[in-house]
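Asker: What follows is a single structure, and I will ask about it in a moment.
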Amino acid sequence: MQAWVIGNWKQNPATSDDVDVLLNDLCAAISDIEQVSKDSSARCQLMIAPSLVHLAAVSSRLKATSVLCAGQDVSAHSASTGAYTGECSAQQVVDAGATWTILGHSERRQYHQESNDTLLQKMTHALTQGLGVVFCIGETQAQYDGNQTLTVIDNQLAVVKAFIAEQPELIDSLPTCLIIAYEPVWAIGTGKVPTVTEVSATHQHIKQTLAGFADSLSTMTVLYGGSVNANNANSFAADPMIDGALVGGASLKADSFLTIATAFSQASI
Ligand code: 13P
């Protein structure tokens, strides 16, 4: 199965000059990865999700590479245009050069109170505008401590179930345009990670739940995110239930991003 390693740059870097420096390093690193992939027949799709203000520049720069570009969010209000100050639509994200978008990141759920209803609207706008969706789910520390992980995840995956109910004609295309990213909130930016066994069991639950929604969803890609770094990537990559990584902090340095990508690239041979 093809692995995916996605860099979520969040609200970084601070300036266009800093973006250029990171892109210079990345493009050099990426040509190394592409060499590794060619040599080993490994398959690892890379993707970068810069801030919206940097999206057009980053996508234009990455056009010459195999690396895809993603937004970090789209407007729930309209798929195209409208009087929604401060918002950016799925159509505009596509126009800026992205082919995917992250949705439902825990930081958006936390700071913008994104509900399942809101996320269903965003998912519908993104997918109907031809944007693939990296849909983030995961439990908080308190929910983890209370053994509620699977209940929380089931509730968050209800968005996918509702989407299928509304757009049944799109079910068969979902494995190629919807990726689930399991990101325990307590592991994001903390250096704390669940064990690979825990992640593997949770991914198995996610895959079984999706397959229960529709037979065609039995091949969905499920990524792990939360303090993935150059040192622990190999252990996650070695587990067949973990199809790749959504990387925050470690994606802001080309060398650590390269190391993570190489780990998944080699594990997918
Ligand atoms: P870190 O890799 O910095 O923990 O962030 C993970 C994340 O939130 C990616 O979306």
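Here this note's numbering is used: the first residue of the sequence shown is 211, the next is one more, and so on. All C-beta atoms in this analysis are idealised placements derived from N, C-alpha and C, irrespective of residue type, glycine included. In this text the structure is predicted, and so the values were computed from the model without any measurement.
Which residues does DSSP pair with T431 in a beta bridge?
Answerer: Here residue 431 is taken as the residue at index 221 of the sequence shown, counted from 1. Paired residues: I389.
Asker: Here's a check: name, in chain order, each residue in its chain whose Cβ is nearer than 7 Å to the Cβ of R318, leaving out the five neighbours to either side.
Answerer: Numbered from its first residue, the sequence shown carries residue 318 at position 108. For R318, where only same-chain residues beyond five positions count, the Cβ hits under 7 Å are D283 and E324.
Asker: So, with DSSP's three-state summary, where would you put T472?
Answerer: Within the sequence shown, numbered from 1, the residue matching residue 472 stands at position 262. In this structure, T472 counts as helix in the three-state DSSP scheme.
Asker: The beta strand (DSSP E) spanning A372 covers which residue range?
Answerer: In the sequence shown, residue 372 corresponds to position 162, counting from 1. Not the beta strand (DSSP E): A372 falls in the alpha helix (DSSP H), residues T359 to E376.
Asker: Report yes if the C-beta distance between W214 and S261 is below 8 Å; otherwise report no.
Answerer: Residue numbering aside, residue 214 sits at position 4 when the sequence shown is read from its first letter. Residue numbering aside, residue 261 sits at position 51 when the sequence shown is read from its first letter. Not in contact: W214 and S261 (Cβ atoms no closer than 8 Å).
Asker: For M451, which residues does DSSP report across the bridge?
Answerer: Taking the sequence shown and counting its residues from 1, the one referred to as residue 451 is at position 241. M451 pairs with nothing; no bridge assigned.
Asker: Name the residue from C298, I398 and G217 whose alpha carbon lies nearest to the alpha carbon of V268.
Answerer: Position 58 of the sequence shown, counted from the first residue, corresponds to residue 268. The candidate whose alpha carbon is nearest that of V268 is G217.
Asker: Which residues have their C-beta within less than 6 Å of a heavy atom of ligand 1, listed in chain order?
Answerer: Here the residues come out as N218, H315, E393, I398, G399, G435, G436, S437, V438, L456, V457, G458, G459 and A460.
Asker: Counting along the chain, where does the beta strand (DSSP E) carrying Q255 start and finish?
Answerer: Counted from its first residue, the sequence shown places residue 255 at position 45. Where Q255 is concerned, the enclosing beta strand (DSSP E) stretches over C254 to A259.
Asker: In whole angstroms, give me the CA-to-CA distance for H315 and A300.
Answerer: Counting from 1 along the sequence shown, the entry for residue 315 is found at position 105. Counting from 1 along the sequence shown, the entry for residue 300 is found at position 90. If you take the alpha carbons of H315 and A300, they lie about 16 Å apart.
Asker: Give the secondary structure of T328 by DSSP, where H, G and I count as helix, E and B as strand, and everything else as coil.
Answerer: If you number the sequence shown from 1, residue 328 lands on position 118. DSSP places T328 in helix when its eight states are reduced to three.
Asker: Report the three-state DSSP secondary structure of V343 (helix, strand or coil).
Answerer: Within the sequence shown, the letter at position 133 stands for residue 343. The answer is strand: DSSP assigns V343 an E or B state.
Asker: With C-beta atoms as the reference, is L433 less than 8 Å away from L456?
Answerer: Sequence index remark: in the sequence shown, residue 433 carries index 223 (1-based). Sequence index remark: in the sequence shown, residue 456 carries index 246 (1-based). Yes. Within cutoff.
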